[in-house]
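Before any comments, here is the structure.
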Amino acid sequence: MKSVWINQFMVERQQQHLSIDGTISAQATDSLCIDIKGIQLDYVSKMAHMQNPSLNGNVTGKVTILSVLNHPIAKVNVFARDFGLNHCIWGDTYAESGWDEANRKLNLMGRVMSKTDTVALLKGGFYTAKDSMALYGFARHLPITFLNPYLTSFLSNPQGTATGKMGMFLVKGNIWFNGDVKIENGQAGLSSLGTMYTFSDSVHLRKEAIILKNVVLHDAENNTGVLSCTAPNNYLKDWKFDVQVTAHNLLSMNTKETDSENFWGKVYADGDVRVTGDGQGTKININATSRPKTNVYISIGSAVSAADNSFIEYVVKKKRNATVTGEQQNNKSVNSTPTVINAMLNVTPDAQIHLIIDPKAGDKIDAVGSGILNVGYTLHNPDLQMQGSYTINEGKYLFTFQNALSREFKIDKGSAIRWNGNAYNALIDINARYQMNASLADLDVDILKNSGRSSAVVECLLNLTGSLMKPDIKFDINLPNSRDEVKRAVKNVVNTNDMMNRQMIWLLAFNRFYTPDYMRSSVNPIGQGELISVASSTLSNQLNSWLSQAVSGVNVGFNLRSSGVGEYTGTDYEAEIMYQNNRWIINGSVGYRNDNFSTSKFIGDVDIQYVLSNNGKWRVRGYNRTNDYKQLNPAPYTQGLGLTYTENFNSFKEILTDYKELLVNTWGKIKGIFRKKKTEKK
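In the working numbering, the protein residues as written are -11 to 670.
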């Protein structure tokens, strides 16, 4: 029988070497000794095309093989520093082996140490005839990040440690785990929803799947949910998953505009989320009710804005650009899988909805309201589908004109937005108002003859109907604090659509009325007064930008207004203040007017409300208003203080039922108090 002698064969590089010495033969007395030092297992994994899993660590030790060509008996004694799988470092590992001739297997034993603690102990054997391996043991606080490559299709950054009994098996290159382990300090998120949760519970490792049952999740604010997950796989390949989460005020979505330019935000919800999929795509079904601190952004203008630029044509670089775009799209389709989301949302007033109409110009609607919305879309796809109706309780509409003028309108309660398909085809019925103080002297001096002041609170009314992208717009003017005589006088001047449109542009642009031609002494349409108004408005916008970063809910405007003609000329120095938080609502203007006809030089129209109840129904309200007609009321101001209660109902029967239930419950509590006192007296 032939033999091969190897005498001190060595491969060496810096602090690493592989040394082979001995005899390869069938004789039981012949042995082959292999001495290794500093061999990097990740290099070995790459050379052996072993990627599932890949080995990590630095190995040093000796391997002795007897009777290599007949019945080989191997003795192994190696040490691996920083050993782990898939770039997850477990610790320093000691491994030993010896040949079991009776069972024809190579006995294996491994111990993983982290400092002085044993984190894993495995014993088993490698059966050469069957090309298989079976290891049994236990884990104690063993890091689980080695599972990341198998779970990243639906989970993001799984972390934690595992404790429990488990087995690892290898048959003809196929590997799997089996056991029930307790995950401690667990952390994982749903990749498509941008969420991250912590948990501590059992995970069941099986040959065909990883299973989690009724695991209690906690978000970053300690809100809870319950998760069940089944992740079938074919020897840690060809993964599928079915994740179900029942949320209780849970942070259920936390995405940014970079994740999806059409639908993103932070959602706290009660309800159910189901995520299913495989390597080809992911489907997310959401049935949820919004909770406080929910902020959702829906951009319906991005795709339309892009389509509007179709008039741009490339002559020379068109083919080149088209080729690059196609390659990018192909790479994108290969490197990422589509995520389809279908969300049935019961939107409550706890949620804030931001509807972005024109991202470039800044047109948007910020609203709080209620409605049932079905939102369907695919990430990175502009085709956003929506069904349902949303009724606005309160909100703001940022109106821009030609990228030069922006005004924030307050949306009236009861305004509505409806969808029935493509999100860009929304139908709206919105009433909004922009409030300011404007001088009546610019409109008609006859209005001032019987009035005690030159300026009045003016609301620019905006009615939007039809398509959201191309709405029918109607304007109107309202003087909420003025008497009917003043309102009629203003209507007599603004009595045509042309005049209404002209007044609206002037009010929004310059915070003042347009002076009709019969009152003008100059043909110049824009004079010093208008320029001063523009300057003060610009200053106010800049100041508000600074204030909004320091104090939420504050708006301050400064008006330096020169108005009127002839003896009715005057100048107002005025500050408008608006403030709102959970309890206080303040609207008003204070300042000084310098003219020859106002009864009072002081400007002080203020309305203050304090919300007494959490539901906003009970409020204390006080106000101070300037009287318009001094003949009817010689006093310069009217003050008021009162208690208000507001109730919404659809029918008289509904409100009677609600109040009957309230009275019965209240009477029951009162009787309970007296019964308790009577018992104590006895």
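The C-beta atom is built at its ideal place from N, Cα and C for all residues, glycine as well.
- Count the other C-beta atoms from every protein chain shown that fall within 10 angstroms of the C-beta of E209, then say buried if there are 16 or more, exposed otherwise. Counting from 1 along the sequence shown, the entry for residue 209 is found at position 221. By the 10 Å Cβ count, E209 comes out exposed.
- Task: Output the distance between the C-alpha atoms of T212 and N202, rounded to the nearest integer angstrom.
- Result: Within the sequence shown, numbered from 1, the residue matching residue 212 stands at position 224. Within the sequence shown, numbered from 1, the residue matching residue 202 stands at position 214. Taking the straight line joining both Cα atoms gives about 12 angstroms.
- Item | Contact between the region 111 to 120 and the region 135 to 146 (3+ Cβ pairs under 8 angstroms) | no
- Message: Once DSSP output is grouped into helix, strand and coil, what is the label at A429?
- Response: To locate residue 429, count along the sequence shown from 1; it is residue 441. Note: A429 maps to helix in three-state DSSP.
- Task: Please classify W(-7): does DSSP put it in a helix, a strand, or coil?
- Result: As a first step, residue -7 must be located in the sequence shown, where it is residue number 5. Note: W(-7) maps to strand in three-state DSSP.
- As assigned by DSSP and simplified to three states, the class of K254: Locating residue 254 in the sequence shown gives position 266, where the first residue counts as 1. Correct three-state label for K254: strand.
- Message: Taking the alpha carbon of N575 as the reference point, which residue from V261, I591 and Q597 has its own alpha carbon closest?
- Response: Position 587 of the sequence shown, counted from the start, is the residue given in the question as residue 575. With distances taken between Cα atoms, N575 lies closest to Q597.
- Identify every run of the beta strand (DSSP E) within the region 50 to 102, keeping only runs that are complete inside it and at least 3 residues long; order them along the chain. 61 to 73, 76 to 88 and 93 to 102
- Exposed or buried, F387, counting other C-beta atoms within 10 Å across all chains shown (16 or more means buried)? Your numbering for residue 387 matches position 399 in the sequence shown. Under this definition F387 is a buried residue.
- Can the beta-carbon of V594 be found less than 8 angstroms from the beta-carbon of L631? Here residue 594 refers to the residue found at position 606 when the sequence shown is read from its first residue. Here residue 631 refers to the residue found at position 643 when the sequence shown is read from its first residue. Cβ distance not < 8 angstroms, so V594 and L631 don't count as in contact.
- Item | Residues of its chain near D230, where Cβ-Cβ distance is below 6 angstroms and the 5 sequence neighbours each way are ignored | Taking the sequence shown and counting its residues from 1, the one referred to as residue 230 is at position 242. In the same chain as D230, and ignoring 5 residues on each side of it, the C-beta atoms closer than 6 angstroms to its own belong to T218 and T264, in chain order.
- Message: Quick check on Q491: does DSSP put it in helix, strand or coil?
- Response: One-based indexing of the sequence shown puts residue 491 at position 503. Here Q491 sits in helix by DSSP.
- If you drop the 5 nearest sequence neighbours on each side, which residues of the same chain put their C-beta closer than 8 angstroms to that of I345? Within the sequence shown, residue 345 is the residue found at index 357, counting from 1. These residues qualify, in order along the chain: I288, G289, D351, K352, I353, L456 and M457.
- Query: With 16 other CB atoms within 10 Å as the buried threshold, where does Q340 fall?
  - Reply: By 1-based counting over the sequence shown, the position of residue 340 is 352. That one is buried.
- Could you give the DSSP three-state label for S298: helix, strand or coil? Sequence index remark: in the sequence shown, residue 298 carries index 310 (1-based). Interpretation of S298 is limited by its pLDDT of 35, a score under 50 that renders its predicted location unreliable; the figure taken from the coordinates is listed afterwards. DSSP places S298 in helix when its eight states are reduced to three.
- Query: Along the chain, which unbroken stretches of the beta strand (DSSP E) at least 3 residues long are found entirely within the region 451 to 506?
  - Reply: 459 to 466
- Message: Buried or exposed for V(-8), going by 16 or more other Cβ atoms inside 10 Å?
- Response: Against the sequence shown, residue -8 aligns to sequence position 4. Classification of V(-8): exposed, given that the 10 Å Cβ count is below 16.
- Message: Here's the rule: buried if 16 or more other CB atoms are within 10 angstroms of the residue's CB, otherwise exposed. What is M(-2)?
- Response: Residue -2 sits at position 10 when you count from the first residue of the sequence shown. Result: exposed.
- Message: Which residue marks the beginning of the alpha helix (DSSP H) containing L109, and which one marks its end?
- Response: The count along the sequence shown starts at 1 and reaches residue 109 at position 121. Taken as a continuous stretch (DSSP letters only), L109 belongs to no alpha helix (DSSP H), being part of the beta strand (DSSP E) at D105 to Y115.
- Closer than 7 angstroms by C-beta to P337: which residues in its own chain qualify, once you throw out the five before and the five after it? Chain order, please. What you label residue 337 is simply residue 349 of the sequence shown in a count that begins at 1. V356, G357, S358 and N381.
- Round the Cβ separation of I677 and G383 to the nearest angstrom and send it over; I've been treating them as touching at under 8 angstroms. In this structure the chain extends from -11 to 670, so residue 677 is not present and cannot be described.
- Message: So A731 and D258 are supposed to be a Cβ contact under 8 angstroms. How far apart are they, rounded?
- Response: Residue 731 lies beyond the residue range present for the chain, which begins at -11 and ends at 670; the question has no answer from this structure.
- The beta strand (DSSP E) enclosing P347, as first and last residue numbers: To locate residue 347, count along the sequence shown from 1; it is residue 359. It is not in any beta strand (DSSP E) - P347 carries neither H nor E in the DSSP assignment.
- C-alpha gap between P513 and L496, whole angstroms: Walking along the sequence shown from the start, residue 513 turns up at place 525. Walking along the sequence shown from the start, residue 496 turns up at place 508. Per-residue confidence for P513 stands at a pLDDT of 48, beneath the threshold of 50, marking its modelled position as unreliable; the derived number appears in the next sentence. Going by the C-alpha atoms only, they are around 16 angstroms apart.
- Query: Near M156, which residues of its chain fall below 6 angstroms by C-beta distance, leaving aside the five closest residues on each side in sequence?
  - Reply: As a first step, residue 156 is located in the sequence shown; it is residue number 168 there, counting from the start. So the qualifying residues of the chain are L123 and F165.
- To which residues of the same chain is I77 closer than 6 angstroms at the C-beta, ignoring the five residues directly before and after it? Reading the sequence shown from its first residue, position 89 is the one you call residue 77. Cβ neighbours of I77 beyond the five flanking positions: D70.
- If you draw a straight line from the alpha carbon of V710 to that of Q568, how long is it in whole angstroms? Residue 710 lies beyond the residue range present for the chain, which begins at -11 and ends at 670; the question has no answer from this structure.
- Could you check which residue in N451, P468 and L467 has the C-alpha nearest to that of I461? For the purposes of this step, residue 461 is taken as the residue at position 473 of the sequence shown. Scanning N451, P468 and L467 for the CA closest to the CA of I461 turns up N451.
- Item | Neighbour-count burial assignment, E0, 16 or more Cβ in a 10 Å radius | Numbered from its first residue, the sequence shown carries residue 0 at position 12. Under this definition E0 is an exposed residue.
- Query: Of all the options L467, I435, S394 and K103, which has the alpha carbon lying nearest to the alpha carbon of M424?
  - Reply: The count along the sequence shown starts at 1 and reaches residue 424 at position 436. Comparing Cα-Cα distances from M424 to each of L467, I435, S394 and K103, the minimum goes to L467.
- Message: Going by C-alpha to C-alpha distance, which of K195, E172, L181 and L178 sits closest to S188?
- Response: One-based indexing of the sequence shown puts residue 188 at position 200. Residue E172 is the option with its Cα nearest to S188.
- Cross-strand partners of H192 (DSSP beta bridge): Numbered from its first residue, the sequence shown carries residue 192 at position 204. D168 and I199, per the DSSP bridge assignment.
- Query: How long is the line joining the alpha carbons of A83 and N362, rounded to whole angstroms?
  - Reply: As a position in the sequence shown, residue 83 is number 95, starting the count at 1. As a position in the sequence shown, residue 362 is number 374, starting the count at 1. Computed Cα separation, rounded: 58 angstroms.
- Query: Taking the beta strand (DSSP E) that S33 falls in, what are its first and last residues?
  - Reply: Along the sequence shown, one-based indexing puts residue 33 at 45. Segment L29 to M35 is the alpha helix (DSSP H) holding S33; no beta strand (DSSP E) there.
- Within 10 angstroms of the Cβ of A90, are there 16 or more other Cβ atoms? Answer buried if so, exposed if not. By 1-based counting over the sequence shown, the position of residue 90 is 102. It is exposed - the Cβ of A90 has fewer than 16 other Cβ atoms within 10 Å.
- Beta-bridge pairing of P131 - partner residues as DSSP gives them: Working through the sequence shown from its first residue, we reach residue 131 at position 143. Paired residue(s): T149.
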